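Asks: In this text, residue positions in the sequence shown follow this note's numbering: the first is 1, and each later residue adds one.
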Amino acid sequence: MDGDGEAQKQLKIQTKTEFEQAIILYYQQKYSAAKEIFLNIFHINLEDKAIKLYLKRCQKSQIYGIPEEWKKDIVIIDK
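(1) So what does DSSP say about Leu-46, is it helix, strand or coil?
(2) Of all the options Phe-38, His-43 and Glu-20, which has the alpha carbon lying nearest to the alpha carbon of Cys-58?
(3) Leaving out the 5 sequence neighbours to the left and right, which residues in its chain are closer than 8 Å to Ile-23 when beta-carbon positions are compared?
(4) Does the beta-carbon of Tyr-27, which I'm using as the reference point, lie nearer than 7 Å to any heavy atom of the ligand COA?
Below you can see the structure in the form of structure tokens.
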């Protein structure tokens with residue numbers, strides 16, 4: 001968020017909980033559910049580059065699945 005303007009920062013703070021939920025769903029390979037949340041966030045914050053990236057990843061993963069080498073590298077850290 002360091003490179004974001006104040007308005008962008010506020011939108012990211014506003015959607016932080018939803019973003020975290022979507023990330024968890026994404027790494028659980030629940031792409032449809034994750035994509036739905038990412039789309040909701042995208043409609044609130046059209047300029048969020050991370051959301052755009054994860055939307056593309058969800059679409060790609062729904063079609064092709066996760067590359068085998070990713071499966072051993074994915075780690076979710078709970079704060």
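In this text, a Cβ means the ideal position worked out from N, Cα and C, and glycines have one as well. Nothing here was measured: the structure is a model prediction, and the numbers come from that model.
Replies: Straight from the coordinates:
(1) To locate residue 46, count along the sequence shown from 1; it is residue 46. If DSSP states are grouped into helix, strand and coil, Leu-46 belongs with coil.
(2) By one-based count along the sequence shown, residue 58 stands at place 58. Looking at the Cα atoms, Phe-38 is the closest of the given residues.
(3) Position 23 of the sequence shown, counted from the start, is the residue given in the question as residue 23. Hits under 8 Å: Ala-34 and Tyr-54.
(4) As for the ligand COA, it is missing from this structure, which has no ligand bound.
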